[in-house]
Amino acid sequence: MSNLLPIKQSVFEISQVLGHNEHLYVKLPKGFWTAHVIMGITVTIEAAMMLLTPSWAASMGVLPPLDDDDSTSSTRIAGAALTGLCVFVWSLLGTSDKHYARTMLLSMLTYHVLAVCVAGAAALTQ
Numbered sequence: 053m054s055n056l057l058p059i060k061q062s063v064f065e066i067s068q069v070l071g072h073n074e075h076l077y078v079k080l081p082k083g084f085w086t087a088h089v090i091m092g093i094t095v096t097i098e099a100a101m102m103l104l105t106p107s108w109a110a111s112m113g114v115l116p117p118l119d120d121d122d123s124t125s126s127t128r129i130a131g132a133a134l135t136g137l138c139v140f141v142w143s144l145l146g147t148s149d150k151h152y153a154r155t156m157l158l159s160m161l162t163y164h165v166l167a168v169c170v171a172g173a174a175a176l177t178q
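Residue numbers (the working numbering): 53 to 178.
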């Protein structure tokens, strides 16, 4: 029994060191990083336009036309929220953990689906 104790301890220590490192055996699809960078760049540009020049962003078609100052401040608030998404996307650049990658893709998908829904609703109400 005393001979098994060092083996169990060494196996336990190895598993502690390795942890749940899925990146040791999980490969992300080809083109994932290129798509990640492109999404990050486009969302960053969109957020900067919404924060700095809301009227220009509206004229470029990023958002519905602005009517008054309330629309401008609402656009800037949406730009600030989008900046948070940008921070999230750029912080995950280079990660090899598929759970983080999946969460990033899901958040980008959610953003784009909601953006299309808002644009569609704005077009229908005009």
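The C-beta atom is built at its ideal place from N, Cα and C for all residues, glycine as well.
With respect to MET102, THR127 sits close: the two C-beta atoms are nearer than 8 Å.
Per DSSP, the unbroken alpha helix (DSSP H) holding GLY92 starts and ends at 84-104.
Residue nearest to LEU158 within the set LEU137, PRO116, MET112, GLY131 is LEU137 (criterion: CA-CA distance). Relative to the Cα of ILE129, the nearest Cα in the group MET112, GLY172, PRO106, ASP120 belongs to PRO106. Counting along the chain, the unbroken alpha helix (DSSP H) around SER159 starts and ends at 150-177.
A straight line joining the alpha-carbon of TYR163 with that of ILE90 spans about 15 Å.
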